[in-house]
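Numbering (the working numbering), first residue to last: -18 to 503.
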């Protein structure tokens, strides 16, 4: 059932088994799974059914450090949330990402890859991708020494948005209520245990929902803000002074580190171009091996090759047309015109799609090597509550104090140098040479990048309330019934994209909540 709090409001409190705050990537996965288990579920989404603009006023934050671009442009409030614009890369974390960090940043997640792998097939089935391996072997294995070739899976554009995946269930499942335009402004506690939420709409309508399980699946920044607001409402008594809540904010850092001097354009396009497969696409990236990370005390990192796209062309038009299916919008006449005006490229791209099963790069494009690394979860980087700025409901906005440290830059350059050295010794050097960019160029690109919208760390997993905001089952320390399902629970962001791990956690959490409800009824 899909309703808008802008249009109507319930006359009495709604009683359900679980309340999920946020109808994004993780929230809808969790909601659908719980409803399948027979639980009554209410999802409260602060945005509307779609978000047309690229920014949302409820995402305004106060910034006191460097500009963190992910605060405004990496968050979407609507059905599907960030998945309405998400790139789509699905790639499991390696064990290395979940264990004691090679740089000593944390002692581990309290879980391992095997726990998450039990949910992998369910997630793959939902996204409609194949179940084959993510690891590149054979002729790929000797391309770049000390780097592990990996093959992410990219669902078709429409299936990257969880609002499209679970749309029929949202409309037709009597166990599932999804309320849009419903911003949760209060988390209710009874004797220290969670008991429900209050949500408000832009026009003044409100709803109260009661449940013994509330899950914050509203994104890393907003989930952190909601816990901070809850603690403030209880005069700071919920979390100890030593709590790391809001501390250690970090993201992936990314920059192009070299241009490729290509010897064979067809071969480089075959190697790094997106390959069409049943259910979507695959491409090649290189992830720094576990052995190298521990030996050299390096953070998680990966490399990928990108086409330069400085001009509007048919490729850009086609990409945006496909993205409209993901964000549930109509394609623009301008983008269709770009495709028609670039028919020679389009015809070649159709041929490559049919014969090579790959995406053909736009004409005149060059190839860049991009490095993505973990950022250290430095205590200086924080999310707190603004003392001067409030949202439309009168609640303090998030205040983000984020910096890229000299240590972050030093580590990034160290991995970039390691990459260049390994490139010259690998078989890949027979396909393309590296024209390494200057250190000043790389440093400028890292500092100006503003993160790549993978925020983490501010409600991190820890054994106790002094070590983390949640335990390894993502239950908030000291507040029974309250959980967090966002990348903010990740102690470090890992050497891969975090979205798959988040959906795997959603599946695991649904199983745990269903077991808790079954025990309570018995």
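Yeah, the Cβ is synthetic: ideal placement off N, Cα and C, and Gly gets one too.
What would DSSP say about residue i, mapped onto helix, strand or coil?
{"i": "residue 356", "result": "coil"}
{"i": "residue 59", "result": "strand"}
{"i": "residue 447", "result": "coil"}
{"i": "residue 504", "result": "Outside the shown range of the chain, which is -18 to 503, sits residue 504, and nothing can be said about it."}
{"i": "residue 72", "result": "coil"}
{"i": "residue 390", "result": "helix"}
{"i": "residue 429", "result": "helix"}
{"i": "residue 285", "result": "strand"}
{"i": "residue 273", "result": "helix"}
{"i": "residue 129", "result": "strand"}
{"i": "residue -10", "result": "coil"}
{"i": "residue 526", "result": "What the structure shows of the chain is the stretch from -18 to 503, and residue 526 is not part of that stretch, so it cannot be assessed."}
{"i": "residue 494", "result": "helix"}
{"i": "residue 349", "result": "strand"}
{"i": "residue 408", "result": "helix"}
{"i": "residue 268", "result": "strand"}
{"i": "residue 247", "result": "helix"}
{"i": "residue -5", "result": "strand"}
Between which two residues does the beta strand (DSSP E) holding residue i run?
{"i": "residue 150", "result": "Here residue 150 belongs to no beta strand (DSSP E); instead the alpha helix (DSSP H) covers 148 to 153."}
{"i": "residue 160", "result": "157 to 161"}
{"i": "residue 367", "result": "363 to 371"}
{"i": "residue 17", "result": "Taken as a continuous stretch (DSSP letters only), residue 17 belongs to no beta strand (DSSP E), being part of the alpha helix (DSSP H) at 6 to 17."}
{"i": "residue 379", "result": "377 to 382"}
{"i": "residue 413", "result": "413 to 417"}
{"i": "residue 463", "result": "463 to 465"}
{"i": "residue 218", "result": "Premise fails: residue 218 is in no beta strand (DSSP E) and is neither H nor E."}
Strictly by DSSP, which residues pair up with residue i?
{"i": "residue 262", "result": "135 and 257"}
{"i": "residue 177", "result": "169 and 191"}
{"i": "residue 23", "result": "0 and 158"}
{"i": "residue 28", "result": "Beta-bridge pairing links residue 28 to no other residue."}
{"i": "residue 140", "result": "Answer is none; residue 140 lacks a bridge partner."}
{"i": "residue 44", "result": "381"}
{"i": "residue 231", "result": "437"}
{"i": "residue -15", "result": "161"}
Find the nearest neighbour of residue i within the set the options, judged by alpha-carbon distance.
{"i": "residue 499", "options": "160, 15 and 114", "result": "15"}
{"i": "residue 107", "options": "137, 348, 384 and 426", "result": "137"}
{"i": "residue 160", "options": "-15, 135 and 125", "result": "-15"}
{"i": "residue 339", "options": "23, 367 and 251", "result": "251"}
{"i": "residue 468", "options": "-5, 130 and 202", "result": "202"}
{"i": "residue 470", "options": "393, 226 and 315", "result": "226"}
{"i": "residue 190", "options": "460, -2, 434 and 242", "result": "-2"}
{"i": "residue 131", "options": "70, 109 and 146", "result": "70"}
{"i": "residue 79", "options": "64, 67 and 95", "result": "95"}
{"i": "residue 482", "options": "364, 265, 73 and 154", "result": "73"}
{"i": "residue 28", "options": "60, 11 and 214", "result": "60"}
{"i": "residue 224", "options": "212, 231, 232 and 233", "result": "212"}
{"i": "residue 64", "options": "163, 111 and 10", "result": "10"}
{"i": "residue 41", "options": "373, 488, 461 and 411", "result": "373"}
{"i": "residue 20", "options": "90, 46 and 158", "result": "158"}
{"i": "residue 479", "options": "408, 446, 283 and 410", "result": "283"}
{"i": "residue -4", "options": "410, 177, 76 and 256", "result": "177"}
{"i": "residue 420", "options": "396, 408, 436 and 412", "result": "396"}
{"i": "residue 305", "options": "105, 244, 141 and 119", "result": "141"}
{"i": "residue 495", "options": "50, 476, 0 and -13", "result": "0"}
{"i": "residue 139", "options": "195, 100 and 68", "result": "68"}
Need the endpoints of the alpha helix (DSSP H) that residue i sits in, please.
{"i": "residue 120", "result": "It is not in any alpha helix (DSSP H) - residue 120 carries neither H nor E in the DSSP assignment."}
{"i": "residue 453", "result": "Element bounds for residue 453: n/a, residue is neither H nor E."}
{"i": "residue 77", "result": "76 to 79"}
{"i": "residue 35", "result": "Unbroken run through residue 35: none, as it is neither H nor E."}
{"i": "residue 201", "result": "201 to 214"}
{"i": "residue 96", "result": "94 to 98"}
{"i": "residue 102", "result": "101 to 108"}
{"i": "residue 198", "result": "Careful: residue 198 lies outside any alpha helix (DSSP H) and carries neither H nor E."}
{"i": "residue 51", "result": "51 to 54"}
Only counting the same chain, and skipping five residues up and downstream in sequence, which positions put a Cβ closer than 8 Å to that of residue i?
{"i": "residue 361", "result": "382, 384 and 386"}
{"i": "residue 127", "result": "269, 270, 272, 273, 399 and 403"}
{"i": "residue 87", "result": "81, 358, 441, 472 and 473"}
{"i": "residue 116", "result": "129, 130, 131 and 132"}
{"i": "residue 233", "result": "353, 354, 355, 356, 432, 433, 435 and 474"}
{"i": "residue 122", "result": "130"}
Take residue i and list the residues in its own chain whose beta-carbon comes closer than 7 Å to its own, dropping the five residues that flank it on each side.
{"i": "residue -9", "result": "188"}
{"i": "residue 285", "result": "266 and 351"}
{"i": "residue 204", "result": "197, 440, 465, 467 and 469"}
{"i": "residue 484", "result": "6, 7, 10 and 104"}
{"i": "residue 243", "result": "249, 348 and 413"}
Can you list, in chain order, the residues of its chain whose CB lies under 6 Å from that of residue i, leaving out five sequence neighbours each side?
{"i": "residue 85", "result": "none"}
{"i": "residue 25", "result": "2, 160, 163, 165 and 180"}
{"i": "residue 200", "result": "56 and 467"}
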